[in-house]
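Novice:
Residue numbers (the working numbering): 10 to 270.
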């Protein structure tokens with residue numbers, strides 16, 4: 010596939026990904042696999058390289074709109090960085106089946122809430138604590154775990170981690186969808202960079218694919234960030250739910266498919 014065509018394909022990927030707070034790896038990894046990338050590990054590493062640019066482009070736009078929750082992002086980042094390194098490291102050593110199945114089941118539940126209902130009213134309260142000023146704050150341990158899982162998903166599956174962070178922030182922490190999207194994309198840059206560094210060390214990044222993907226995604230991410238604050242929040246929740254449902258089904262099928270002998 011030509012450089013220009015791959016960049017053009019990446020534009021709508023970046024647009025949708027930036028709108029809903031994901032990296033775009035759920036689309037790019039299958040795309041790279043179809044392009045006969047030699048191994049899944051290379052597809053994952055190359056996807057992560059492009060996701061770094063999605064994060065940078067989206068963060069630039071969302072920062073100007075002042076919708077990033079920086080304090081929450083700083084709480085997520087430490088666990089996410091560790092998880093990203095661990096996920097990338099494990100790709101060469103363990104089967105993805107059980108991990109994919111576990112993530113898929115959780116994502117399926119989250120997709121149902123985003124599409125058709127709400128989490129139990131008291132659910133968010135269980136993951137927050139009262140501060141001295143009487144306001145609710147996310148519990149640091151829970152946020153650390155969210156970051157760890159997002160990073161693990163990012164490094165292992167070649168995705169940005171937004172499929173973990175956005176539902177966690179909206180369902181469990183009560184964050185509105187637009188700040189959740191913006192914060193997710195901000196966090197995504199550093200954790201993807203950690204994963205890329207590990208994958209590059211393992212020889213899993215192909216620049217001939219990463220470069221056109223990055224160019225297209227940067228353009229699409231600007232369109233997505235512009236669109237996000239101009240559409241109803243309910244629309245964003247539904248759109249995220251659809252993408253999450255697609256991802257969950259893919260993960261579950263991957264988990265249930267026996268590895269090649």
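Ideal Cβ positions, reconstructed from N, Cα and C, are used throughout, including at glycine.
1) If you count every other CB in all the chains shown that lies within 10 Å of the CB of residue 182, and 16 or more means buried, which is it?
2) Judging by CA-CA distance, which residue of 239, 108, 30 is the nearest neighbour of residue 67?
3) In the DSSP assignment, find the unbroken alpha helix (DSSP H) run with residue 11 in it and report its ends.
4) On the three-state DSSP scale, how would you describe residue 74?
5) Excluding sequence positions up to five away, which residues of its chain have a Cβ less than 6 Å from the Cβ of residue 97?
6) Could you pull out every residue in the same chain whose Cβ sits closer than 6 Å to the Cβ of residue 227, ignoring the five residues on either side in sequence?
7) Determine the contact status of residue 223 and residue 59, defining contact as a CB-CB distance below 8 Å.
8) What does a CB cutoff of less than 6 Å around residue 233 pick up in its chain, not counting 5 residues either side in sequence?
9) Using 8 Å as the threshold, is the stretch 16 to 23 in touch with the stretch 148 to 163, meaning 3 or more CB pairs across them?
10) Any idea if residue 48 is buried or exposed, counting beta-carbon neighbours within 10 angstroms, 16 or more meaning buried?
11) Taking 8 Å as the cut-off, does the stretch 172 to 188 touch the stretch 36 to 47 (at least 3 CB pairs, one atom from each stretch)?
Specialist: To lay it out plainly:
1) One-based indexing of the chain shown puts residue 182 at position 173. Note on residue 182: 16 or more other CB atoms within 10 angstroms of its CB, so buried under the neighbour-count rule.
2) Position 58 of the chain shown, counted from the start, is the residue given in the question as residue 67. Residue 30 is the option with its Cα nearest to residue 67.
3) Along the chain shown, one-based indexing puts residue 11 at 2. Neither: residue 11 is in no alpha helix (DSSP H) and is coded neither H nor E.
4) Mapped onto the chain shown, residue 74 falls at position 65. Helix, per DSSP.
5) To locate residue 97, count along the chain shown from 1; it is residue 88. Same-chain partners within the cutoff: 164, 204, 207, 208.
6) Indexing the chain shown from 1 puts residue 227 at position 218. Once the five neighbours on either side are set aside, the close Cβ partners of residue 227 are 62, 66.
7) Against the chain shown, residue 223 aligns to sequence position 214. Against the chain shown, residue 59 aligns to sequence position 50. In this structure, residue 59 lies closer than 8 Å to residue 223 by Cβ.
8) Translated into positions along the chain shown, residue 233 becomes position 224. The answer, listed in chain order, is 24, 27, 28.
9) no
10) Translated into positions along the chain shown, residue 48 becomes position 39. A residue is called buried once 16 or more other Cβ atoms fall within 10 Å of its Cβ, and residue 48, having fewer, is exposed.
11) With a cut-off of 8 Å, the stretch 172 to 188 and the stretch 36 to 47 do not count as touching, because too few Cβ pairs lie within range.
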